[in-house]
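Numbering (this note's numbering), first residue to last: 248 to 446.
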Ligand code: MN
């Protein structure tokens, strides 16, 4: 297991996102759900052709293969969750850095329009999934994906993501997904991380 996948540390304390996301939610979401994807993937790839691949290589090699769905789902969920934690910051929200803001205005007209499109994607994703800001060629796009799916496999470059699986918000917001999404967009979203991902 020398090449075992590991659960990366959270980039903040487990109570740092209070009151938008509680320590209780984080303890389950990170400590149980994210960890389980890591443990499951390590079991699923042990002794297979995927055992020595990086996480991104596993995702690319198994995307769209019905016979490898278990491996894909666990690998992509590890990647998506690590990306989600980095898409949040205790003092997030506010204004994006200048270069990103300019790109947002060129693609959506305004920051508010971009946030609105993200909120709409996040609240209309039917069932479990993710709402992404992604770079598609030279243009920013909002995309939603179901279950474990990730825009990486569609040739897009993710900039930030909001988890809209019920486990992301149900302890704090019950069925009020829109309240969770709007609070994340206003108070936690890490525009600096998104700008770094422009590359
Ligand atoms: Mn999740």
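Ideal Cβ positions, reconstructed from N, Cα and C, are used throughout, including at glycine. Please read these numbers as outputs of a predicted model, since none were measured by experiment.
Less than 6 Å between the CB of residue i and some heavy atom of ligand 1, yes or no?
{"i": "residue 410", "result": "yes"}
{"i": "residue 368", "result": "no"}
{"i": "residue 360", "result": "no"}
{"i": "residue 415", "result": "yes"}
For the beta strand (DSSP E) that residue i lies in, which residues bound it at each end?
{"i": "residue 234", "result": "Residue 234 lies beyond the range of the chain shown here (248 to 446); nothing can be said about it."}
{"i": "residue 404", "result": "404 to 410"}
Is the beta carbon of residue j closer than 7 Å to that of residue i?
{"i": "residue 321", "j": "residue 288", "result": "yes"}
{"i": "residue 431", "j": "residue 409", "result": "yes"}
{"i": "residue 403", "j": "residue 381", "result": "yes"}
{"i": "residue 433", "j": "residue 340", "result": "yes"}
{"i": "residue 323", "j": "residue 397", "result": "yes"}
{"i": "residue 354", "j": "residue 406", "result": "no"}
{"i": "residue 417", "j": "residue 427", "result": "no"}
{"i": "residue 437", "j": "residue 336", "result": "yes"}
{"i": "residue 368", "j": "residue 391", "result": "yes"}
{"i": "residue 281", "j": "residue 414", "result": "no"}
{"i": "residue 305", "j": "residue 298", "result": "no"}
For residue i, does the count of other Cβ atoms within 10 angstroms reach 16, so buried, or fall short, so exposed?
{"i": "residue 285", "result": "buried"}
{"i": "residue 373", "result": "exposed"}
{"i": "residue 442", "result": "buried"}
{"i": "residue 279", "result": "exposed"}
{"i": "residue 295", "result": "exposed"}
{"i": "residue 334", "result": "buried"}
{"i": "residue 253", "result": "exposed"}
{"i": "residue 270", "result": "exposed"}
{"i": "residue 343", "result": "buried"}
{"i": "residue 338", "result": "exposed"}
{"i": "residue 309", "result": "buried"}
{"i": "residue 260", "result": "exposed"}
{"i": "residue 267", "result": "buried"}
{"i": "residue 445", "result": "exposed"}
{"i": "residue 329", "result": "buried"}
{"i": "residue 350", "result": "buried"}
{"i": "residue 248", "result": "For residue 248, the predicted model reports a pLDDT of 48, less than 50, meaning its position is unreliable; a value from the coordinates is still stated below. Residue 248 comes out exposed."}
Between which two residues does the alpha helix (DSSP H) holding residue i run?
{"i": "residue 381", "result": "Where residue 381 is concerned, there is no enclosing alpha helix (DSSP H), although the beta strand (DSSP E) it sits in stretches over 376 to 383."}
{"i": "residue 420", "result": "417 to 420"}
{"i": "residue 275", "result": "270 to 275"}
{"i": "residue 444", "result": "438 to 445"}
{"i": "residue 425", "result": "424 to 430"}
When the cut-off is 7 Å and only beta carbons count, does residue i lie next to chain C?
{"i": "residue 445", "result": "You won't find chain C in this structure, because it holds only one protein chain."}
_Runs of alpha helix (DSSP H) wholly within the region 286 to 367 (minimum 4 residues, chain order)_ = The alpha helix (DSSP H) runs of length 4 or more contained entirely in the region 286 to 367 are, from start to end of the chain, 302 to 309, 316 to 333, 345 to 355.
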